[in-house]
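Participant: Structure in structure tokens, see below.
There are 2 protein chains.
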Amino acid sequence: MARIVVALGGNALGNTPGEQIEAVRHTADSLVELIGNGHEIIMAHGNGPQVGMINLAFETAAQSDETPEMPFPECGAMSQGYIGYHLQNAIQEKMAERGIAKNCATVITQVVVDKEDQAFKSPSKPVGSFYSREEAEALKEEKGYQMVEDAGRGYRRVVPSPLPVDIVEKDVISSMVDKGELVIACGGGGIPVVEEQGRYRGVPAVIDKDFASEKLAEELEADFLMILTAVDRVALNFATPEEEPLTEVDVEKAREYCEQGHFAPGSMLPKMKAAIKFAESRPGREALIPSLEKARDGLKGQTGTRIVAGS
Amino acid sequence: MARIVVALGGNALGNTPGEQIEAVRHTADSLVELIGNGHEIIMAHGNGPQVGMINLAFETAAQSDETPEMPFPECGAMSQGYIGYHLQNAIQEKMAERGIAKNCATVITQVVVDKEDQAFKSPSKPVGSFYSREEAEALKEEKGYQMVEDAGRGYRRVVPSPLPVDIVEKDVISSMVDKGELVIACGGGGIPVVEEQGRYRGVPAVIDKDFASEKLAEELEADFLMILTAVDRVALNFATPEEEPLTEVDVEKAREYCEQGHFAPGSMLPKMKAAIKFAESRPGREALIPSLEKARDGLKGQTGTRIVAGS
Numbered sequence: 013m014a015r016i017v018v019a020l021g022g023n024a025l026g027n028t029p030g031e032q033i034e035a036v037r038h039t040a041d042s043l044v045e046l047i048g049n050g051h052e053i054i055m056a057h058g059n060g061p062q063v064g065m066i067n068l069a070f071e072t073a074a075q076s077d078e079t080p081e082m083p084f085p086e087c088g089a090m091s092q093g094y095i096g097y098h099l100q101n102a103i104q105e106k107m108a109e110r111g112i113a114k115n116c117a118t119v120i121t122q123v124v125v126d127k128e129d130q131a132f133k134s135p136s137k138p139v140g141s142f143y144s145r146e147e148a149e150a151l152k153e154e155k156g157y158q159m160v161e162d163a164g165r166g167y168r169r170v171v172p173s174p175l176p177v178d179i180v181e182k183d184v185i186s187s188m189v190d191k192g193e194l195v196i197a198c199g200g201g202g203i204p205v206v207e208e209q210g211r212y213r214g215v216p217a218v219i220d221k222d223f224a225s226e227k228l229a230e231e232l233e234a235d236f237l238m239i240l241t242a243v244d245r246v247a248l249n250f251a252t253p254e255e256e257p258l259t260e261v262d263v264e265k266a267r268e269y270c271e272q273g274h275f276a277p278g279s280m281l282p283k284m285k286a287a288i289k290f291a292e293s294r295p296g297r298e299a300l301i302p303s304l305e306k307a308r309d310g311l312k313g314q315t316g317t318r319i320v321a322g323s
Numbered sequence: 013m014a015r016i017v018v019a020l021g022g023n024a025l026g027n028t029p030g031e032q033i034e035a036v037r038h039t040a041d042s043l044v045e046l047i048g049n050g051h052e053i054i055m056a057h058g059n060g061p062q063v064g065m066i067n068l069a070f071e072t073a074a075q076s077d078e079t080p081e082m083p084f085p086e087c088g089a090m091s092q093g094y095i096g097y098h099l100q101n102a103i104q105e106k107m108a109e110r111g112i113a114k115n116c117a118t119v120i121t122q123v124v125v126d127k128e129d130q131a132f133k134s135p136s137k138p139v140g141s142f143y144s145r146e147e148a149e150a151l152k153e154e155k156g157y158q159m160v161e162d163a164g165r166g167y168r169r170v171v172p173s174p175l176p177v178d179i180v181e182k183d184v185i186s187s188m189v190d191k192g193e194l195v196i197a198c199g200g201g202g203i204p205v206v207e208e209q210g211r212y213r214g215v216p217a218v219i220d221k222d223f224a225s226e227k228l229a230e231e232l233e234a235d236f237l238m239i240l241t242a243v244d245r246v247a248l249n250f251a252t253p254e255e256e257p258l259t260e261v262d263v264e265k266a267r268e269y270c271e272q273g274h275f276a277p278g279s280m281l282p283k284m285k286a287a288i289k290f291a292e293s294r295p296g297r298e299a300l301i302p303s304l305e306k307a308r309d310g311l312k313g314q315t316g317t318r319i320v321a322g323s
């Protein structure tokens, strides 16, 4: 029996509530199979499209009626509730189907970041709507937003993507896991907070869900960090004639591949970096990057990419 | 030391994120004082203004851009994340200030209602925006919404307000409370779900937070149900020259007052009904209805209204 933190991408959750309900039932199937095999699962997930949708809805509504503006951390908290509800509902259903008597619940999670993180100096993560150059200038002026031109489609606000330093609710999560409960936590990488005069204050930022999941896996002393993706295996020279899928790679080699630019930033690169960090955090720990569909086979080593400590 | 389920009204949380942050710090002060005195607190809360705001933002955005429509249960789940984040953040801060080493976290909570509940036949709870008669007719036609004229201000959608039957995450919440953690649960009365072919399906409805809190208090075998309100005491003939504040009342008398129409539906009436239900659920249980500011004195019997089982 292994303890496994499973990280699910926000893109795998669809773009509407209906799509999300379908997607989570599918995900729940894979996860509950792992649970049926005796493993302990802790679930983390992304929220890119979902927090974008929530943010956009409030931005749009704030323009045309008395809806207040909704800060980014609060939008993230909403996405944790929204996605967590669907996930726990689907997992509860699939466990009941298999006669697994386990509880499942979502814990709203704040993740601490360092105020001095370099990311705050160069915000890079686009969020919310597209604006014209004039609108972008106005937002910069009025609200102090950082705006960038995004791939010819207009201007967007960018927020920093700092690294996770600590998980505020880690002890709660840990004792729930020790009790045998399936916990959904760190949704969207967690609500980013900084420590300030003895309190945690939410900041407009996005913590990469791969790094937050890695932090969670370390805190929970997990055996495996499993980062689900859309392809069967991580590949070198992805989408070229020289594409070469990776079955198992040690952290030194993996780091080399990262430096050689084999992995796309915002996609496979953070997954590989989080995998490396976890694999070298303590002897015996491994990271796995299989496809969502083949999570079970990934754990057995039949598919996916395994990232292991060097010998 | 007593175990106390505290129910906080959504109206006490303000109408904007900024107002809510202020409000919860104030609430946290009162609660943490009770904890400092050795009591176990479980926190439930309403979400009327907040879920209304979220629902409205999505309705508005869905009209003017590609934002999907957001079903009512999903809006409720978002409100649990949004309010829970602020509450746990403020409570964590206040506990740290007083050197109380306790964990605090929000659990996303689904509450089961009966498909056959009479409330589904006569939806009564207004939600979301105001519409013209023509718009209301169109929504009735297109989406099957029930619409009513609301106090001369236009037409609004009404959803049913069924009674809570069960709390899906009760075992998780219970074991967290047993571990000494401060849990925030059943936000907005819980996400309403019905049981259907072995799964829980979200339904557009609003469960009264007073009844959900009462159910939670019974499940957790609490000693007290404390329903916070805006006035110092429940009163007979409220806001008339004959106003008479109630200090202590037994369930028989309380029921009589309810029948005599002393308490406003949607305001003090559900609080009294939930209080009666809890006080008579088991010998020794009491319900308290003090003001938010005087929660501590309410527990000591120095203020508020006490509802006790008859002799």
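Protein chains in written order, with the numbering used here: chain A, 13 to 323; chain B, 13 to 323.
Here a beta-carbon is modelled for each residue, glycine too, at the ideal position from N, C-alpha and C.
For methionine 159 of chain A, which beta-bridge partners are listed by DSSP?
Facilitator: A:Arg169
Participant: Pull up the DSSP beta-bridge partners for serine 303 of chain B, would you.
Facilitator: B:Thr241
Participant: By a C-beta neighbour count over all protein chains shown, 10 Å radius and 16 as the cutoff for buried, is proline 204 of chain A buried or exposed?
Facilitator: Burial call: buried.
Participant: Short of 9 Å Cβ to Cβ, which residues in the stretch 73-97 of chain B face chain A?
Facilitator: Listed by position along the chain: Ala73, Ala74, Gln75, Ser76, Asp77, Glu78, Thr79, Pro80, Glu81, Met82, Pro83, Pro85, Glu86, Cys87, Gly88, Ala89, Met90, Ser91, Gln92, Gly93, Tyr94, Ile95, Gly96 and Tyr97.
Participant: Below 8 Å, how does it come out for the stretch 194-208 of chain B and the stretch 133-151 of chain B: are there three or more Cβ pairs, yes or no?
Facilitator: Segments in contact, no.
Participant: For tyrosine 94 of chain A, which residues does DSSP report across the bridge?
Facilitator: None; tyrosine 94 of chain A has no bridge partner.
Participant: So, at 6 Å on beta carbons, what are the nonlocal neighbours of proline 61 of chain A in its own chain, with the 5 sequence-adjacent residues on each side left out?
Facilitator: Gly22 and Asn27
Participant: Decide yes or no for the touch test of the stretch 29-38 of chain B against the stretch 246-259 of chain B: beta carbon pairs closer than 8 Å, at least 3 of them.
Facilitator: no
Participant: Can you give the Cα-Cα distance for proline 295 of chain B and leucine 311 of chain A, rounded to whole angstroms?
Facilitator: 53 Å
Participant: Does the structure place the stretch 66-76 of chain A close enough to the stretch 75-85 of chain B that three or more beta carbon pairs sit under 8 Å?
Facilitator: yes
Participant: Between which residues of its own chain and proline 83 of chain A is the CB-CB distance below 8 Å, once the five residues before and five after are set aside?
Facilitator: Gly214 and Pro216
Participant: Can you check which of these residues, B:Gly58, B:Asp244 and B:Gly210, is closest to lysine 306 of chain B by C-alpha distance?
Facilitator: Looking at the Cα atoms, B:Asp244 is the closest of the given residues.
Participant: Counting only the same chain and skipping the five closest in sequence on each side, list residues whose C-beta sits under 6 Å from that of aspartate 178 of chain B.
Facilitator: Cβ neighbours of aspartate 178 of chain B beyond the five flanking positions: Val124.
Participant: In the DSSP assignment, what residue or residues form a beta bridge with histidine 57 of chain B?
Facilitator: B:Leu20
Participant: Locate the beta strand (DSSP E) running through leucine 194 of chain A, then write down its first and last residues.
Facilitator: 194-196
Participant: Can you confirm whether phenylalanine 142 of chain B, when its beta carbon is compared against all beta carbons of chain A, has any partner nearer than 7 Å?
Facilitator: no
Participant: Once the 5 residues before and after phenylalanine 142 of chain A are set aside, which same chain residues still bring their CB inside 8 Å of it?
Facilitator: Asp162, Arg165, Gly166, Tyr167 and Arg168
Participant: Should methionine 107 of chain B and histidine 51 of chain B be called a contact, given that it needs their Cβ atoms to be closer than 7 Å?
Facilitator: Contact flag unset, no.
Participant: Considering Cα atoms alone, identify which of B:Ile16, B:Pro85, B:Leu46 and B:Asp126 is closest to glycine 64 of chain B.
Facilitator: B:Pro85
Participant: Could you list the residues in the stretch 195-213 of chain A with a C-beta less than 7 Å from some C-beta on chain B, going in chain order?
Facilitator: Of all residues in the stretch 195-213 of chain A, Ile203, Gly210, Arg211 and Tyr212 have a Cβ within less than 7 Å of some Cβ in chain B.
Participant: If you draw a straight line from the C-alpha of threonine 118 of chain A to the C-alpha of glycine 202 of chain A, how long is it?
Facilitator: 12 Å
Participant: What residue range is occupied by the uninterrupted beta strand (DSSP E) comprising aspartate 183 of chain B?
Facilitator: From DSSP, aspartate 183 of chain B is part of no beta strand (DSSP E) but of the alpha helix (DSSP H) over 182-190.
Participant: In terms of residue numbering, what span does the alpha helix (DSSP H) encompassing glycine 48 of chain B cover?
Facilitator: 29-48
Participant: Could you compute how far the alpha carbon of glutamate 147 of chain A sits from the alpha carbon of methionine 280 of chain A?
Facilitator: 33 Å
Participant: In the DSSP output, which residue or residues are listed as bridge partners for arginine 211 of chain B?
Facilitator: B:Glu208
Participant: Let me see if you follow: with CB-CB separation under 7 Å, is isoleucine 179 of chain B close to chain A or not?
Facilitator: Residue contact check for isoleucine 179 of chain B against chain A: no CB pair falls below 7 Å.
Participant: For the putative contact between leucine 175 of chain B and leucine 240 of chain B, defined by C-beta atoms under 8 Å, what is the C-beta separation to the nearest angstrom?
Facilitator: So it is not a contact: roughly 21 Å between Cβ atoms.
Participant: Determine the direct distance from the alpha carbon of alanine 321 of chain A to that of valine 170 of chain A, and round the result to whole angstroms.
Facilitator: 35 Å
Participant: Would you call aspartate 190 of chain A buried or exposed, if buried means 16 or more other Cβ atoms sit within 10 Å of its Cβ?
Facilitator: exposed
Participant: State the Cα-Cα distance for the pair tyrosine 94 of chain A and leucine 25 of chain A, rounded to the nearest angstrom.
Facilitator: So the alpha carbons of these two residues sit roughly 11 Å apart.
Participant: Would the beta-carbon of isoleucine 103 of chain A fall within 7 Å of that of cysteine 87 of chain A?
Facilitator: no
Participant: Relative to the alpha-carbon of glycine 316 of chain B, which residue among B:Pro138, B:Pro302 and B:Arg308 has its alpha-carbon at the smallest distance?
Facilitator: B:Pro302
Participant: Quick one: what does DSSP say valine 139 of chain B is sitting in, helix, strand or coil?
Facilitator: In the structure shown, valine 139 of chain B sits in a strand (DSSP, three-state: E or B).
Participant: With 7 Å set as the bound, which would you pick, yes or no: does the beta-carbon of proline 135 of chain B sit closer than that to a beta-carbon of chain A?
Facilitator: Judged by the 7 Å Cβ criterion, proline 135 of chain B is not in contact with chain A.
Participant: Considering only C-alpha positions, which residue in the set A:Glu105, A:Gly313 and A:Val261 is nearest to glutamate 208 of chain B?
Facilitator: A:Glu105
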